[in-house]
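See below for the structure under consideration.
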Amino acid sequence: MEKTLTILKPDCVRKQLIGAVIDQIERAGFRVVAMKKTRLTQETAGEFYAVHRERPFYGELVEFMSSGPCVPMILEKDNAVTDFRAIIGATDPAEAAAGTVRKLYADSKGENIIHGSDSVENAAIEAAFFFSAEEVVRAN
Ligand code: IDP
Ligand code: MG
402 MEKTLTILKP DCVRKQLIGA VIDQIERAGF RVVAMKKTRL TQETAGEFYA
452 VHRERPFYGE LVEFMSSGPC VPMILEKDNA VTDFRAIIGA TDPAEAAAGT
502 VRKLYADSKG ENIIHGSDSV ENAAIEAAFF FSAEEVVRAN
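According to the numbering used here, the sequence shown is numbered sequentially starting from 402.
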């Protein structure tokens, strides 16, 4: 079964949308195999998004991701990476399809509620960033 890594971002937690978003994720057929609430520092947020280091929005992104608690999860489903990107929608909520998580809840391209890995390879790297092997429990 394929895995992907998601983060309910600090805006999601502030808006008290943790439950609503997890409900949408589970209804779409994903199983939560690891979950925690944590807070990134500027250093760890910068490390997680290191691939964007040269982008103009990097500083803003690091500030935002370290601005409050977040909820990383490992999700499992057939075709998890691609199917999850489909249910969260485009990075910019203005461009996201109707019914997607970002279209429903996000305020802007920066504060866009949720992260989803962009490849199976990155999903494994990102999962290891947040979770030890003991914290990953196969669904059911
Ligand atoms: P993704 O989250 O849809 O994969 P990426 O291009 O990988 O989008 O960007 C990572 C994150 O950086 C986005 O989710 C968003 O929070 C932030 N971001 C991306 N582009 C911009 C921008 O143009 N302005 C501000 N923040 C941005
Ligand atoms: Mg990305």
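Glycine residues also receive a C-beta, built at the ideal position from the N, C-alpha and C atoms.
Only a predicted model underlies this, so the values are computations on that prediction, with no experimental measurement involved.
Strand pairing of residue i, partner residues [DSSP]
| i | result |
| --- | --- |
| LEU409 | VAL472, ILE515 |
| LYS416 | None, per the DSSP bridge assignment. |
| GLU403 | LYS478 |
Terminal residues of the beta strand (DSSP E) in which residue i lies
| i | result |
| --- | --- |
| ARG432 | 432-436 |
Endpoints, alpha helix (DSSP H) assigned at residue i
| i | result |
| --- | --- |
| LEU580 | Not covered by the structure: residue 580. The range shown for the chain is 402 to 541. |
| ARG486 | 481-489 |
| VAL463 | 459-466 |
CB of residue i within 8 Å of CB of residue j, strictly
| i | j | result |
| --- | --- | --- |
| PHE530 | PHE449 | yes |
| SER518 | GLU527 | yes |
| THR442 | SER467 | yes |
Where residue i falls, given that 16 or more other Cβ within 10 Å makes a residue buried
| i | result |
| --- | --- |
| MET474 | buried |
In the region 491-520, which residue ranges form an unbroken alpha helix (DSSP H) of at least 4 residues, counting only runs that do not cross its ends? 502-506
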